[in-house]
Amino acid sequence: MENTNKLNTNVPLEYQTETGKLNILGFWIFLGAEVALFSTLYAAYFALKDGVMEGPLPIDVFDFNYTIIMTIVLLTSSFTSGLAIHEMRRNNIKAMVVWLIITLLFGAGFLYMEIAEFIHLVHSGATLGTNALWSSFYLLTGTHGVHVAIGIVWITLIIFQALKRGLTPDTAKKVFVSSLYWHFLDFVWIFVFTGVYLLGMVK
Amino acid sequence: MVEFIKDNLILNDPMIVGANISILLTVIVLVFVLTYFKKWKWLWTEWITTVDHKRIGIMYIISALLMLFRGGVDALLMRAQLTVPNASFLSSQHYNEIFTTHGTIMILFMAMPFLLGLMNVVVPLQIGARDVAFPYLNNLSFWSFFFGAILFNISFVFGGSPDAGWTNYAPLAIEGSPGPGINYYLLGLQVSGIGTLLTGINFIVTIIKMRAPGMTLLRMPMFSWTTLITSFIIVFAFPILTVTLAMMTFDRLFGTHFFTLTAGGNPMLWANFFWLWGHPEVYIVVLPAFGIFSEVIATFSRKTLFGHKSMIISLVVISGLSFLVWVHHFYTMGGSANVNNIFSITTMAIAIPTGIKIFNWLGTLYKARIQFTAAMMWALAFIPTFVIGGVTGVMLGMAAADFQYHNTYFLIAHFHYTLIAGVVFACFAGFVYWYPKMFGHKMNEPIGKWAFWFFTIGFNVCFLPQFLLGFAGMPRRVYTYLPEDGWTALNVVSTIGAVGMGIGFVIIVYNVYYSLRHSKMETTGDSWNGRTLEWATATAVPPHYNFPVTPVVKDVDAFWQMKQEGTANKKDIEYEPIHMPNNTGTPFVMSIFFFIAGFGLVFEIWWMAILGIAGSFGCMIFRSLRSHVYDKGYYVSVEEIKRLEQPFHKEA
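Quick note, the sequences are listed as chains G and H, same order.
Residue numbering for the first sequence follows our numbering, beginning at 1130 and increasing consecutively.
Residue numbering for the second sequence follows our numbering, beginning at 18 and increasing consecutively.
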């Protein structure tokens, strides 16, 4: 914790303080733990996906066009999140906030589509308690969705802080770390989309 | 509300009523003492909200000792029940509950916090840092562990204990065990798991980023190395437990079908996931223990640890293999011959790096002028005892042979030989060794040796017969047996040994009291003529900033090298103000919300669960909004440093 105020101005803002460097490395390691978490959920889905005693099959209820739109919406939000960091590095706080808000709107859109999809699935007879396949489906996609929801609240808080206090090493670090988180959610979704949706729709 | 309490408070068992009353009395006495001596503010500002790694470590160790008492009482009750055939001291249900809580508490609420406590006290000092990387998270780690432990422990007086074994196998734990017991297990472990994961992250960053100048990774002391590797295992193993516990919680509370036989679930998935976490967990507790022994043996042999690099390599190899052996816990549960073969080979491969370590310790002892202190005696007893545990482990690792040993007392004896000789001996060795660093005086050596002899002899008398009981066919987890089985004599011997261990523990606790009254205060920071940086502080108990000036490292045994060169404890140092983090109360509040959420889920009181979860998110939002103020910390002035470093100046 020492030398918190000693600035090294040759590196990006978020890396300038000792606290910033520690927090960013710590967050990378936290993401490593998250990889282990989602791997387990993923493994559970693959171990249980043939556990279909009754209830609909994925191929009957998944809609290819709908899920590909969901995927594009989330991937775009990752892109705009990258643009926000780009603007942060150029010290352009207004553009950064605009891109962050766009990111959150895409995120919220994804979340809305996911909830709507869940409602549709429940009406088609695929609920949490239907069978092992659907239990593990909801646990995997639901955990991802909860992460997106938490990300939206978190980044909203950070936008307020950045607007109030400007771009300091502290706020820059927060924006940077939250963007790592956001990219990570995208990364997880790519596997969910491929492994759960695309493979689920193979005849 | 009254109905709810009346339904769940256990009043039909005289032993539990006794426990109820003693808990109530202890709480009343504690509240009275704190109020009478006006210590509430002291408790809050000096301990509950502290971010000082040494104090957090001490709180971990005190909790671990309390849990050792609880787990030990469970063990003694089990031994009492099994001493003679057809005993009716405990009912079968009560026996099931006790072996479940004994296992869970000893692994998760005793061994882990004890080691995390020692890590907290020692590692930042050993690498020459002023604190851990994330002091705020460190406080949160402790409190979420603590409230997780409380949540698990209140089960036996309120609602009933879990009764499906510490492995908590499905479907028994889902369909065969109604009532809140298993929920307590699931939520208690979940809450304390948060703390463990955060500690893992914290120590990785601390060790990678905050080592003193000159301390390359290859110059890092062995205990810090084991902490680093352990932290990596924690980060990759604990999320598996998180998910697995969540899945069973969903099965029990929300009607999902992960582990149920109906609707396509698979009970074996629990066994696989549980041991995918559970086997690395074994190494999470035993690797730091190896680190402690390495420090103790090097110090009291007055030699550098033999084969420092090979020790590091074997550590890394063990950590990798620890994720590849989980199936050996259930060879008999339907795996094919090929699967069993592969896991047999990986299991036996672990013996190679572990064997390297044994030879490293023996090589360190070879031709050394050994000092037989209490700490060293624990370390010396560890080597042969642990080898017995290791060799029987290889026997169990051979899949074909395992069909004979599986779930017998042979297995029980094996893992107690590894976990007690490995972990508990290490906890005691580390406790005695670093005691002056925590409290400023040594533990009384003669009393410490009495405790050592009672405990180690008791341990062998208790568990050696259990190997034979296993060969004679006695299965684990049975609450009684018949006279015709012929197991009586060995069981009597085993119980006598258990009593010896109990006496050993009581002597250790007495020694804490005795040493507080009678031991001399240490006048230097170097109580044992140590080799590593934790002994390089000017005072026995380091001030909250640890080092007034960051030490510079030139060798593996940094402090030893300084003493040889005469550069240790220089007098004419120019101090600079030191930046330190502020104390914080938020993690304590957040952990209370974790507890509320956990309790609500245990009894399916939804408003309470939602309140708890919302409260913990509220605390996180508060933290996010206030972190820039909090992170400013404060400066320790030069005058203050001079005052705290005074004892050393006087002496010089």
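Every residue, glycine too, gets a C-beta built ideally from N, C-alpha and C.
Taking 8 Å as the Cβ-Cβ cut-off, the region 242–266 of chain H approaches chain G at V252, F253, A254, F255, P256, I257, T259, V260, T261, A263, M264, given in chain order.
Contact annotation: F1289 of chain G and T1200 of chain G have beta-carbon atoms that are not nearer than 8 Å. Bounds of any beta strand (DSSP E) do not take in H70 of chain H; it lies within the alpha helix (DSSP H) bounded by 70–99.
The three-state secondary structure of H423 of chain H, taken from DSSP, is coil. If you ignore the 5 residues before and after C636 of chain H, its C-beta comes within less than 7 Å of the C-beta of T603, V606, M607, F610, all in its own chain and listed in chain order. Note that the C-beta distance between I124 of chain H and V302 of chain H is below 8 Å. CA-CA distance, T213 of chain H to S331 of chain H, rounds to 24 Å. Ranked by Cα distance from F471 of chain H, the options H:I359, H:L83, H:V523 are led by H:V523.
With contacts defined as CB atoms closer than 8 Å, L286 of chain H and A1176 of chain G qualify as a contacting pair.
Residues of chain G whose Cβ lies closer than 8 Å to the Cβ of V333 of chain H do not exist; the shortest such Cβ separation is about 17 Å. Around the beta carbon of S633 of chain H, 16 or more other beta carbons lie within 10 angstroms, which makes this residue buried.
Under the DSSP assignment, I464 of chain H falls in the alpha helix (DSSP H) whose first and last residues are 462–488. Nearest neighbour of I225 of chain H by Cα position, chosen from H:V510, H:V68, H:S248, turns out to be H:S248. A straight-line Cα-Cα distance of about 52 Å links I513 of chain H and V569 of chain H.
Here DSSP, grouped into helix, strand and coil, assigns L550 of chain H to helix. With respect to the 8 Å criterion, I27 of chain H and G177 of chain H are classified as neighbours on the basis of their beta carbons.
By the CB criterion at 8 Å, G1324 of chain G and Y1171 of chain G fall inside the cutoff. The beta carbon of F576 of chain H sits closer than 7 Å to those of G547, R548, T549, L550, W552, A553, A585, all from its chain and outside the five residues before and after it, given in chain order.
Of the residues G:A1261, G:T1300, G:I1284, G:W1318, the one whose Cα lies closest to the Cα of G282 of chain H is G:A1261.
The beta carbons of T1270 of chain G and P256 of chain H sit about 18 Å from each other, so the pair does not count as a contact at 8 Å. The shortest CA-to-CA distance from N599 of chain H to any of H:E63, H:Y112, H:G475 is the one to H:E63. When rounded, the separation of the alpha-carbon atoms in P482 of chain H and N377 of chain H is 30 Å.
Chain-order list of chain H residues neighbouring N1137 of chain G: empty, with the shortest C-beta distance near 14 Å, by a criterion of under 7 Å.
Minimum Cα-Cα distance from K1303 of chain G among the listed residues G:G1280, G:G1180, G:W1318 corresponds to G:G1280. In this structure, the CA atom of G231 of chain H is about 24 Å from the CA atom of P152 of chain H. Secondary structure at V333 of chain H: helix, using DSSP grouped into helix, strand and coil. Contact between F476 of chain H and I437 of chain H holds, with the beta-carbon distance rounding to 6 Å and staying under 8 Å.
Within the same chain, and ignoring the five residues on either side of I1188 of chain G in sequence, the residues whose Cβ sits closer than 6 Å to its Cβ are M1330. At least 8 Å separates the beta-carbon of F106 of chain H from that of F169 of chain H. Within the same chain, M127 come within 6 Å of L85 of chain H by CB-CB distance, once the 5 residues on both sides are set aside. The residues A315, V573, D574, in chain order, have a CB closer than 7 Å to that of T321 of chain H in the same chain once the five nearest residues on each side in sequence are set aside. Neighbourhood of N283 of chain H in chain G, by CB distance below 9 Å: A1176, L1177, G1180, A1261, in chain order. Taking a C-beta distance under 8 Å as the contact criterion, L1296 of chain G and M1217 of chain G qualify as a contact pair.
In this structure the region 252–268 of chain H touches the region 203–212 of chain H; the number of beta carbon pairs closer than 8 Å is three or more.
Below the 8 Å Cβ cutoff, chain G contributes L1257, G1258 as neighbours of G272 of chain H, in chain order.
Taking T601 of chain H as reference, the option from H:K56, H:D24, H:L157 with the minimal CA-CA separation is H:L157.
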